[in-house]
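Everything on this sheet refers to the single structure shown next.
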Amino acid sequence: MARHAPLQQVQDSFLPGIPQRPYGSSRARSVALSSRRGGVPPDRTAPHTAWDLGPVGGMTRAEHLPVETRKADAPPAARMDRVTKDFNGVRALADVTFAVRRGALVGVIGPSGAGKTTAISLFTGNLVPTKGTVQTLGEEPLRLRRRTRERIGLMPQQFTLYPELTTAENVDFFASLFGMLAGRRRRRTRETLQLVDLWEARDRRAAKLSGGMQRRLQLACALVHQPELLILDEPTAGIDPLLRRSVWQELIRQREQGHTVVVTTQYVVDAEHCDLVALIANGRLLAFGPPGELRHMALGGDLVQVEIEGSWDGLDLEKLPGVRQLHRIVPGRFWVIADNAGQVTPEVVAAVSAAGVEMISVREYRPSFDEIFAALVHRDRDGDAASGAVAPAAFLMRS
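Residue numbers for the sequence shown follow numbering that gives the first Met the number 0, so the first one is 0 and each next one is one higher.
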């Protein structure tokens with residue numbers, strides 16, 4: 000059986016700072032378990048904790064709040080400025096600065112232990128920076144007003160739901176915390192469980208779910224109130240590729256509806272789905288920006304692969320407008336680094352023809368984000384980031 004976090008951690012993870020009262024009270028207990036038929040068996044009435052949000056109408060509080068449009072001058076949904084975080088002398092984040100644009104899907108990407116969870120925990124107020132400043136929805140995370148917290152949906156990395164409640168009861172309970180009346184709760188519970196492919200397991204206790212199913216259940220609880228700002232820590236960890244694709248489709252749909260999504264992942268390839276990407280390794284922010292810009296940042300431009308007959312030195316290619324660098328890998332094979340591959344490629348073909356050399360192939364090469372990440376790590380390790388020098392990526396040396 001999977002290990003579960005203490006119930007206090009459920010509160011701190013999903014709705015930190017909201018006043019609470021015993022789950023044994025009549026109102027909280029009836030709200031949390033309203034979907035159960037036939038009452039609660041005696042062995043499942045252990046005290047829990049519920050959050051007192053007070054009476055609300057049939058819609059969620061988040062729905063009463065306008066979603067910010069994607070204006071260029073709109074304040075960021077979240078930001079950190081020169082943030083450093085230490086744990087008992089160990090530096091988890093070092094001088095990190097980036098802003099989450101409203102209405103954007105932002106990926107915080109890096110290997111395990113890179114500092115991704117630390118970064119988003121600062122946005123939620125679960126951690127306090129050692130140095131620097133953090134803001135979430137325009138407020139200091141530790142002092143978020145209750146109404147502001149209700150505009151945030153959080154999926155923590157650790158399983159922090161109620162193991163003795165069923166799948167549907169967990170989602171229904173979290174919907175109730177945001178003031179949904181019974182009819183709307185039932186509809187949103189069905190919609191979110193169908194989204195994460197758990198509707199058929201709606202009557203199964205959370206403790207009996209597999210690890211991947213528990214991750215999907217947490218995602219459903221984070222989505223049920225349709226938050227303005229959605230923060231997800233490794234939502235696709237431990238699930239199969241088809242469901243992983245479904246999760247990303249839903250995150251993109253949330254973004255298209257005007258919501259802001261911040262998601263951490265160790266799958267570097269997921270950067271393709273994001274509007275903005277923060278690449279983190281060893282607590283350092285290697286790069287931040289749109290995926291296309293990260294390619295230029297890592298490699299110095301677009302890549303064009305050229306293959307010819309013979310052993311021409313290719314020096315004429317370096318003189319072409321828009322060509323930044325030329326790498327001769329083996330006789331007859333070159334990498335051209337250019338400002339714009341589409342504009343340079345015809346010029347490369349013309350230059351090869353003018354030199355009387357037979358062209359075998361010429362094509363733009365789009366390196367994977369695994370390769371991009373490796374190039375940026377290499378540059379950071381060699382101390383080239385400050386100078387702007389481009390580190391030779393390993394894939395440039397392939398024959």
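Here a beta-carbon is modelled for each residue, glycine too, at the ideal position from N, C-alpha and C.
Practice task
Could you tell me whether the region 86-104 touches the region 255-271, using the rule of 3 or more Cβ pairs below 8 Å?
Solution key: yes
Practice task
Mind checking which residues open and close the alpha helix (DSSP H) that includes G291?
Solution key: P290 to L298
Exercise for the section: Rank A270, P345, K130 and R201 by C-alpha distance to the C-alpha of M358 and give the top, closest one. Expected result: P345
Problem - Rounded straight-line distance, which links the Cα of W334 to that of L316 - result: 10 Å
Problem - T344, enclosing alpha helix (DSSP H) - first and last residue - result: A340 to A353
Practice task
State the start and end residues of the unbroken alpha helix (DSSP H) segment that holds D379.
Solution key: F368 to R380
Exercise for the section: Would you check if the distance between the CB atom of V356 and the CB atom of V305 is smaller than 8 Å? Expected result: no
Problem - As assigned by DSSP and simplified to three states, the class of H258 - result: coil
Problem - F173 - DSSP class collapsed to helix/strand/coil - result: helix
Handout entry: C-alpha gap between S209 and A98, whole angstroms
Key = 35 Å
Exercise for the section: Specify, as a first and last residue, the run of the beta strand (DSSP E) that S360 falls within. Expected result: M358 to Y364
Practice task
Just grab the DSSP bridge partners of T166 for me.
Solution key: In DSSP, T166 forms no bridge with anything.
Handout entry: Nearest residue (CA-CA) to G313, options L298, G299 and G331
Key = G331
Handout entry: Alpha carbon of G131 to alpha carbon of T83, nearest angstrom
Key = 6 Å
Handout entry: Cβ-based neighbour list, D379, same chain, cut-off 8 Å, excluding 5 preceding and 5 following
Key = A280, R283 and L285
Problem - Unbroken beta strand (DSSP E) run spanning Q304, endpoints - result: D301 to I307
Practice task
Out of T166, G109 and I328, state which residue places its alpha-carbon closest to the alpha-carbon of D232.
Solution key: G109
Handout entry: Length-filtered (4 minimum) alpha helix (DSSP H) runs lying within the region 216-266
Key = 240-255
Handout entry: W50 classed as buried or exposed, judged by whether at least 16 other C-beta atoms fall within 10 angstroms
Key = For W50, the predicted structure reports a pLDDT of 32, less than 50, and the residue's modelled location is therefore unreliable. The matter cannot be settled from this model.
Exercise for the section: Would you be able to state if there are at least three C-beta pairs under 8 Å between the region 180-194 and the region 137-144? Expected result: no
Practice task
Kindly indicate which three-state DSSP category E138 falls into: helix, strand or coil?
Solution key: strand
Problem - L302 vs P366 beta-carbon contact at 8 Å - result: yes
Practice task
Specify, as a first and last residue, the run of the beta strand (DSSP E) that K115 falls within.
Solution key: Counting along the chain, K115 falls outside any beta strand (DSSP E), though it belongs to the alpha helix (DSSP H) covering K115 to T123.
Problem - Helix, strand or coil at D312 [DSSP, three-state] - result: coil
Problem - Endpoints, the alpha helix (DSSP H) within which Q324 is located - result: Note, Q324: premise wrong, no alpha helix (DSSP H); beta strand (DSSP E) at V322 to V329.
Practice task
Could you check the C-alpha separation between D239 and E308 for me, to the nearest Å?
Solution key: 45 Å
Exercise for the section: Per DSSP, which residues does A337 bridge with? Please list them. Expected result: D301 and V322
Problem - Pairwise C-alpha distance: E292 and R362 - result: 20 Å
Practice task
Would you kindly work out how many angstroms separate the C-alpha atoms of S310 and F372, rounded to a whole number?
Solution key: 32 Å
Problem - Strand pairing of F97, partner residues [DSSP] - result: M79
Exercise for the section: Along the beta strand (DSSP E) that carries A280, what are the first and last residues, could you check? Expected result: L275 to A280
Exercise for the section: Tell me, please, whether the region 77-92 touches the region 115-124 by the rule of three or more beta-carbon pairs shorter than 8 Å. Expected result: yes
Problem - Three-state secondary structure assigned by DSSP to A103 - result: coil
Exercise for the section: Quick one: give me the first and last residue of the alpha helix (DSSP H) that L194 is part of. Expected result: A181 to L194
Problem - CB of V107 within 8 Å of CB of T263, strictly - result: yes
Practice task
Could you check how far apart the C-beta atoms of I151 and P226 are, in whole angstroms? I think they sit under 8 Å.
Solution key: 6 Å
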